[in-house]
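A short write-up of the structure that comes next.
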């Protein structure tokens, strides 16, 4: 640079410094700071609301409903195996004709449902290699399962097997099928359901924490905006010797209100989403209870058709029952009694000290599900009662079988599984009622969160424009004094 | 000056409010503590169960559980060097996991982050421990002397003496669960039961088939496993209660362990020579998980 250049730069700098020292410059700068702070508040609030809305979207329309669908995959598969066991148990007896048709029809419905839920599961897990592979394995396994049961049914029909006396070859095919179902299909289906719950949880927590940070951001930028506005107010007050600048005062009050309102909305919306998530968790836990119960009651048919493995099926029945509702019991007789007590006063008897209580655990255990099912105690009590009724039918069934009265046992079994007024149907009905209550809580949480967030789509831009207008109208008359 | 003074005061109040607001929110926002965020992992395994978790002469642990623990730890992001394997017993598993171990006289913290030690998942335990898995579902079975070929199933134990580890539930499963009348004998641990069986003081030992298979592999000519499994024992990965994130990650790791064939390889490696139908007879399938909630 030549010396004249340097001199020019120096002059320009000096002029700028002089200008910065003038009152209009200070007003300009201070007002610009207010505008930037208000725009910053707008930006951080827009981000926070966006996070809150996407969190709601995940729960309401995304992974939430898909996870519920995946949970049903296990139910549909267990249902298929249950109806097939019933069909074999009934044999080709013509007295049971309509029931047999009914069971076959229900088998087909469950199969269709299983296919549908598999498609849902495939959609949900498409980004996850491990689960994608599980979906594929379940799909392949279903084909193999269907081939086995179709053959079992044909063999049994060809042998004209009477009810309760399954043809040996047919039985062997069914054993392979139910083994495939229980070692390969059901565990993977169950794990898929758990994994989709995990996806929802991770997603939900991520959005909640992003919305939380957004909330802090709104608070901080709101405070900055208020500080900038107050600083401008102070400066004008000192420099222009005026009492108050009303538009700026309005802008300050508006910023406080807007910030507080938005913070409150974000905080409440996050609370409602948490309630919705709890509802969803309860729905999924209860659906799992329903699915495992379905498999459990089917063990009655398996117990009756396969005398060689009756011991084993009886034990498996107890194990599944204890997953659904747990009381300490090593055998079914003790379990039946414990369940009667739970239906009466929500507590298991203590196995060591009969006059004391112990906690009832498992998916339906009042002690294990206190948090998830709070507010639905009445509906839960009804579920427990119908569950106890189901268990008392089971007791009668096994007693008949042990007395050698197979046809009585089959009658009881057909009664339990009756689609109109069976004990299992009644139990499923009370469970569905309880699930509906929790589902309502889920929907309500979502709706409330939506209602809290939706006004801000216009309140936020509207409020911001208003604040900016107030700042401009507050400083314009002062700047005009220097024209 | 007056204004200035007041301004600093209000600025101070502002800063205080922001800081307070931030810190109270970060409590709300802070993700639940998880062992996944730690830089190292202490895993508890058994030290006295051959083929499952056994402390060898060099003081190193080896067995199926140990390999499963390393596999899971690796999938959770811990290299072998970052994993510390320590011994736990059936009696102190919970205490060590909950960090309530009273036996701290050694002067070092004995808390473990994860337990892979033939740890059966039960509804009661689930109230204080979060379980990943099960990584394997063992079955209760019966071990007898090789020459006692007349015992072919659990019902053949009627009237015979059966040994079980103290505080175990296995004899009750036979007497109450199956209604079979047996003479029950309690020993302090299963190694003592095995000694009693060898010496003819008891007729059978009953517990999980994997544990029995481990003892059988040590002395294949002395014993025979009846191989008629009954009841499930779900071996879970014990985690600090409420660590849902870690539990979900463990489940994913176990799914992978079965999908990539590692589970099958490990079962073959440790139990292949026992030729047990129930353990290595067919391809291993991923068990049904318990869920982390």
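Chains as they are written, first to last, in my numbering: chain A, 44 to 526; chain B, 1031 to 1323.
All C-beta atoms, glycine included, are put in the ideal place defined by N, C-alpha and C.
**Prompt:** Whose C-beta lies closer than 8 Å to the C-beta of residue 196 of chain A among residues of the same chain, with five residues either side of it excluded?
**Reply:** So the qualifying residues of the chain are 127, 130, 131, 213.
**Asked** Any C-beta of chain B sitting closer than 7 Å to the C-beta of residue 218 of chain A?
**Response** Chain B contact via Cβ: absent.
**Beta carbon proximity, residue 1207 of chain B to chain A, threshold 7 Å** = Output row for residue 1207 of chain B: interface = yes.
**Message:** Strictly below 8 Å CB to CB, what residues from chain A border residue 1281 of chain B?
**Reply:** Per Cβ cutoff of 8 Å: 234, 237, 238, 241.
**Item:** chain A residues whose Cβ lies nearer than 7 Å to that of residue 1202 of chain B
**Value:** Simply 373.
**Cross-chain neighbours of residue 404 of chain A in chain B, by beta carbon under 8 Å** = The contacting residues are 1153, 1154, 1156, 1157.
**Prompt:** When Cβ atoms are compared, which residues of the region 1259-1272 of chain B fall closer than 7 Å to chain A?
**Reply:** Answer set for the region 1259-1272 of chain B: 1260, 1261, 1262.
**Request:** From the DSSP output, read off the bridge partner residues of residue 1168 of chain B.
**Result:** Beta-bridge pairing links residue 1168 of chain B to B/1263.
**Message:** For the alpha helix (DSSP H) containing residue 305 of chain A, name the first residue and the last one.
**Reply:** From DSSP, the alpha helix (DSSP H) with residue 305 of chain A extends over 289-348.
**Prompt:** Applying the criterion that 16 or more other CB atoms from any shown protein chain within 10 Å of the CB defines a buried residue, is residue 1227 of chain B buried or exposed?
**Reply:** Residue environment: residue 1227 of chain B is assigned as buried (16 or more neighbouring CB atoms within 10 Å of its CB, all protein chains considered).
**residue 1309 of chain B versus residue 254 of chain A: straight-line alpha-carbon distance, rounded** = Between the alpha carbons of residue 1309 of chain B and residue 254 of chain A lies a gap of roughly 49 Å.
**Prompt:** residue 1175 of chain B by DSSP, collapsed to three states: which one?
**Reply:** Here residue 1175 of chain B carries a strand assignment [DSSP, helix/strand/coil].
**Request:** Indicate the three-state DSSP secondary structure (helix, strand or coil) for residue 1161 of chain B in the structure shown.
**Result:** Residue state for residue 1161 of chain B is assigned as strand, using DSSP reduced to three classes.
**Asked** Looking only at C-alpha atoms, which of B/1211, B/1252, B/1207 sits nearest to residue 1225 of chain B?
**Response** Comparing Cα-Cα distances from residue 1225 of chain B to each of B/1211, B/1252, B/1207, the minimum goes to B/1252.
**Prompt:** Within the 7 Å Cβ cut-off, does residue 1321 of chain B reach chain A?
**Reply:** With 7 Å as the cut-off, residue 1321 of chain B counts as an interface residue toward chain A.
**Message:** Which same chain residues end up closer than 7 Å to residue 337 of chain A when comparing Cβ atoms and leaving out the 5 residues on each side of it in sequence?
**Reply:** Shown here for residue 337 of chain A: same chain residues with a beta carbon closer than 7 Å to its own, the five before and five after excluded, namely 118, 121, 122, 125 in chain order.
**Asked** Which residues, taken in chain order from the region 332-356 of chain A, show a beta carbon closer than 9 Å to some beta carbon of chain B?
**Response** Listed in sequence order: 354, 355.
**Item:** Beta-carbon proximity of residue 333 of chain A to residue 503 of chain A, cut-off 7 Å
**Value:** Against a cut-off of 7 Å, the Cβ pair of residue 503 of chain A and residue 333 of chain A comes out as no contact.
**Message:** Measuring CB atoms only, is the region 238-256 of chain A touching the region 477-495 of chain A, in the sense that at least three cross pairs come out at less than 8 Å?
**Reply:** With fewer than three CB-CB distances shorter than 8 Å, the region 238-256 of chain A does not count as touching the region 477-495 of chain A.
**Request:** Can you tell me which of the three DSSP states residue 391 of chain A falls into?
**Result:** Here residue 391 of chain A sits in strand by DSSP.
**Prompt:** If you draw a straight line from the C-alpha of residue 112 of chain A to the C-alpha of residue 1319 of chain B, how long is it?
**Reply:** Going by the C-alpha atoms only, they are around 18 Å apart.
**Message:** According to DSSP, is residue 66 of chain A part of a helix, a strand, or is it coil?
**Reply:** Residue state, collapsed to three classes: helix.
**Message:** With three or more beta-carbon pairs closer than 8 Å as the criterion, would you say the region 276-294 of chain A touches the region 364-382 of chain A?
**Reply:** Touching, no, given that fewer than three Cβ pairs across the two stretches are closer than 8 Å.
**Asked** What are the boundary residues of the beta strand (DSSP E) that residue 1253 of chain B is part of?
**Response** Its beta strand (DSSP E) spans residues 1253-1255.
**Message:** Does chain A have any CB closer than 7 Å to the CB of residue 1180 of chain B?
**Reply:** No Cβ of chain A is located within less than 7 Å of the beta carbon of residue 1180 of chain B.
**Request:** Can you tell me which of the three DSSP states residue 436 of chain A falls into?
**Result:** DSSP places residue 436 of chain A within a helical segment (H, G or I) once states are collapsed to three.
**Request:** Please list the residues of the region 1236-1262 of chain B that have a C-beta atom closer than 7 Å to any C-beta atom in chain A, keeping them in chain order.
**Result:** Residues 1260, 1261, 1262.
**Prompt:** Assuming residue 1084 of chain B and residue 1074 of chain B make a contact with CB atoms under 8 Å, what is their CB distance in whole Å?
**Reply:** No, residue 1084 of chain B and residue 1074 of chain B are not in contact; Cβ-Cβ is about 14 Å, not under 8 Å.
**As assigned by DSSP and simplified to three states, the class of residue 118 of chain A** = Taken through DSSP and simplified to helix, strand or coil, residue 118 of chain A comes out as helix.
**Request:** Could you name the residues of the region 163-184 of chain A whose beta carbon sits closer than 8 Å to any beta carbon of chain B, in the order they occur along the chain?
**Result:** Taking 8 Å as the Cβ-Cβ cut-off against chain B, the residues of the region 163-184 of chain A that qualify are 173, 174, 176, 177.
**Asked** Is there at least one non-hydrogen atom of the ligand MG closer than 6 Å to the beta-carbon of residue 1247 of chain B?
**Response** Absence of the ligand MG from the depicted structure is noted, as is the absence of any ligand whatsoever, leaving it without description.
**Request:** Please say whether residue 229 of chain A and residue 177 of chain A have beta carbons closer to each other than 7 Å?
**Result:** No.
**Prompt:** Does residue 112 of chain A get closer than 7 Å to chain B when you measure Cβ to Cβ?
**Reply:** Against chain B, the CB of residue 112 of chain A has no partner CB under 7 Å away; the residue lies outside that interface.
**Asked** Is the CB of residue 1196 of chain B under 7 Å away from at least one CB in chain A?
**Response** No, its Cβ sits nowhere closer than 7 Å to a Cβ of chain A.
**Request:** For residue 473 of chain A, go through chain B and note every residue whose CB falls closer than 9 Å to its CB, in chain order.
**Result:** Contact annotation for residue 473 of chain A against chain B: no contact, minimum CB-CB distance about 22 Å [criterion: below 9 Å].
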